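Asks: 145 is the number that the UniProt record's numbering gives to position 145 of the sequence shown; each next residue is one higher, with no gaps. Note that the Cβ used here is the ideal one computed from N, Cα and C, for glycine as well. This one's a predicted model, so the numbers in the text were calculated from it and none came from an experiment.
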Amino acid sequence: MISRFRSLIQRNIAAKIVAILVAVILWGYVMNEQNPSTEGSFTAQVQLVNVPEGYKVTQGTDKVKITVRGARSLFVSNSDVNFEASVDLREAKSGKGEYKVRVKMPQGFELVDVQPGTVEVTLDPIVRRKVRADINVNGSPASGVTVAKVTQASSEVMVEGPSSAVKEVERLIGYVGLTSKNDADFALQVPLTAINADGKEVSGVTIQPATMYVTVQMARGLTKKIVTIHPVSEADLPAYLELVSIKPNPLQIEVAGAENIISGLTAVNTEKITLADVLQNTDKTVKLALPPGVTVTNHDVLVHIVVKDKKTGKSME
């Protein structure tokens, strides 16, 4: 039986081998004609994996184009959702960095290219710090009444957020609006806003708490007077610069107090203004340093600082 089977196999073996080869060639030809290999591309969302805690994460690109090669039938049976792109942040460090895109695709495809091949990711650490909080009083109270004292629950409030945003916060500010109905003491919760050195709101930070308890003491019979604002600065301007001028806006302000206190008052100073961070002409918001018993509706004043280069004499615009 076995010898007969062996004899059957070995009979005309050369012709049988040729027939098998021809069959394989014909099969490959038919498959190539009916289901040829081709190239195409898919789009995949870039997923960040192993993201470290305690950071705000920003990625420059959220999609990549994946070019692959494969049988035509594979392109018919697959779509974008079958392709995955990811960036591993296990070894990522604080700051900006370029990280390689990894691709996972259905079996049968050959990867040709990924564009972009890397994604820029920024890791901004979440930090906290206390920031000065100022309460401004705007508007006009009832006739014959003025603001005697504004008391806020705290002089500093905690700010939390990405390091770059928290670093930008110069101070927190809240506003109390006065109307003709305000003729007696009152208290309220004032919302706080984070602002930078230019007086613009800083977004992306959390203020804790977001409001401050403020009491406003009103007074009658106080004498009012218009006085000049006198800016006072520190002597810490960078050595290569020269101070040209510091001009307040407004130039004068209305103050109130007992007659014997303000009768001889002609000017009020600002708090000392640091110039260490002044590298060009700039505006700063500073507080007034009022004498005891003297009040104003708004303790804040804007000062315009002009500096020039000592060597060239040119203004630092």
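1) Using the C-alpha atoms, what's the distance from residue 66 back to residue 197?
2) Suppose you measure from the CA of residue 261 to the CA of residue 229; what does that come to, to the nearest Å?
3) Does DSSP put residue 83 in a helix, a strand or coil?
4) Write down every uninterrupted run of the alpha helix (DSSP H) in the segment 258-307 whose length is 4 residues or greater and which is fully enclosed by it, in chain order.
5) Please state whether DSSP places residue 49 in a helix, a strand or coil.
6) Quick one: Cα of residue 141 to Cα of residue 135, how far?
7) Starting from the Cα of residue 165, find the closest Cα among 174, 152, 201 and 191 and give me that residue.
8) Distance, Cα to Cα, residue 271 vs residue 226?
9) Taking C-beta to C-beta, are residue 169 and residue 131 nearer than 8 Å?
10) In this structure, how does DSSP classify residue 140 when only helix, strand and coil are distinguished?
11) When the Cβ atoms of the segment 141-153 are set against those of the segment 89-106, are three or more pairs found closer than 8 Å?
12) Between the C-alpha atoms of residue 138 and residue 216, what's the straight-line distance to the nearest angstrom?
13) Go ahead and pull the three-state DSSP assignment for residue 245.
14) According to DSSP, simplified to helix, strand and coil, what is residue 203?
15) Where does residue 93 sit, in a helix, a strand or coil, going by DSSP?
Replies: Straight from the coordinates:
1) 45 Å
2) 17 Å
3) coil
4) 259-262
5) DSSP places residue 49 in strand when its eight states are reduced to three.
6) Those two C-alpha atoms are separated by around 17 Å.
7) With distances taken between Cα atoms, residue 165 lies closest to 201.
8) 19 Å
9) yes
10) It is coil, neither helix nor strand.
11) no
12) 12 Å
13) strand
14) coil
15) coil
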